[in-house]
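Novice: Take this structure first; my questions come after.
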Amino acid sequence: GAVVSQHPSWVICKSGTSVKIECRSLDFQATTMFWYRQFPKQSLMLMATSNEGSKATYEQGVEKDKFLINHASLTLSTLTVTSAHPEDSSFYICSAATGDSTDTQYFGPGTRLTVL
Amino acid sequence: QKEVEQNSGPLSVPEGAIASLNCTYSDRGSQSFFWYRQYSGKSPELIMFIYSNGDKEDGRFTAQLNKASQYVSLLIRDSQPSDSATYLCAPNTGRRALTFGSGTRLQVQP
């Protein structure tokens, strides 16, 4: 299957700092990528849809100025958590659609963010 | 009504048994479905894609789709403790974000 990578796999930062998470489709081009957040023992929650070359579409309740998404190329989307606070500590997961006849979505391995 | 409904479980089966996971959906227009497996602390991984009525087999996994009754199921034969995870079903939404059910937590007892 297709491969999606994320970097870093985990990050610890101080409150008030910004953290950038990268999501890459390694062997296919993805015009659309998705960012999810998952808290312990809860379901995946969609944060935003990232479209190459255009602005991201954010889900209701997700602050676009806090979670900056940039989809600069067909293989890379980045999520920047600005002025992170302890409540932003979570598991952030991206996915990308292959764009073939099945439009299968593959998930990255996730990034565990801990804000102290 | 939720778009996708799954029994959250846990579903507990003994090692070697068949685990049966079910998913019902509300949108009659849904044509194909994904099954993902998510281990605790990990991201979801794709285990099956089904688009036709009937069965699709891949190793120990068999997905079943019944569009008339609007359900899709996943059978795991010869269940192993390593199959213990949460199983998520989702209708194929093209290039829109997936809508998952709550997932069914499977526990395979050694």
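Those protein sequence lines, which keep their order, are chains A and B. In case it helps, our numbering puts the first sequence at residues 1 to 116. In case it helps, our numbering puts the second sequence at residues 1 to 110. Each residue gets a CB set at the ideal place from its N, CA and C atoms; glycine is no exception.
At a Cβ threshold of 8 Å, is Phe33 of chain B touching chain A?
Specialist: Answer no: the Cβ-Cβ gap between Phe33 of chain B and chain A never drops below 8 Å.
Novice: Note down, in chain order, every chain D residue with its Cβ under 8 Å from the Cβ of Arg95 of chain B.
Specialist: The structure shown contains no chain D; the protein chains it does contain are A and B.
Novice: Since Gly54 of chain B sits in a beta bridge, which residues does DSSP pair it with?
Specialist: Answer by DSSP bridge pairing, in chain order: B:Leu65.
Novice: Alpha carbon to alpha carbon, how far is Ser12 of chain B from Thr17 of chain A?
Specialist: In a straight line, the C-alpha of Ser12 of chain B is about 44 Å away from that of Thr17 of chain A.
Novice: To the nearest angstrom, how far is the alpha carbon of Arg95 of chain B from that of Phe34 of chain A?
Specialist: Distance between the alpha carbons of Arg95 of chain B and Phe34 of chain A: 10 Å.
Novice: Quick one: which chain B residues come within Cβ less than 8 Å of Pro109 of chain A?
Specialist: Going along chain B in sequence order, the residues near Pro109 of chain A (Cβ under 8 Å) are Lys42, Ser43.
Novice: Closest by CA to Phe22 of chain B, which one among B:Lys56, B:Arg28, B:Cys89?
Specialist: In the sequence under discussion, the amino acid at residue 22 of chain B is Asn, which differs from the Phe named in the question. Out of B:Lys56, B:Arg28, B:Cys89, B:Cys89 has the C-alpha closest to the C-alpha of Asn22 of chain B.
Novice: Mind checking whether Leu113 of chain A and Ser90 of chain A have CB atoms under 8 Å apart?
Specialist: Taking 8 Å as the Cβ cut-off, Leu113 of chain A and Ser90 of chain A qualify as a contacting pair.
Novice: Where does Pro14 of chain B sit, in a helix, a strand or coil, going by DSSP?
Specialist: Looking at Pro14 of chain B - three-state DSSP - the assignment turns out to be strand.
Novice: Can you check whether the C-beta of Tyr106 of chain A is within less than 8 Å of a C-beta belonging to chain B?
Specialist: Answer yes: the Cβ-Cβ gap between Tyr106 of chain A and chain B drops below 8 Å somewhere.
Novice: Count Cβ pairs between the region 77-89 of chain A and the region 9-25 of chain A that sit closer than 8 Å; are there 3 or more?
Specialist: Result yes; three or more Cβ-Cβ pairs closer than 8 Å.
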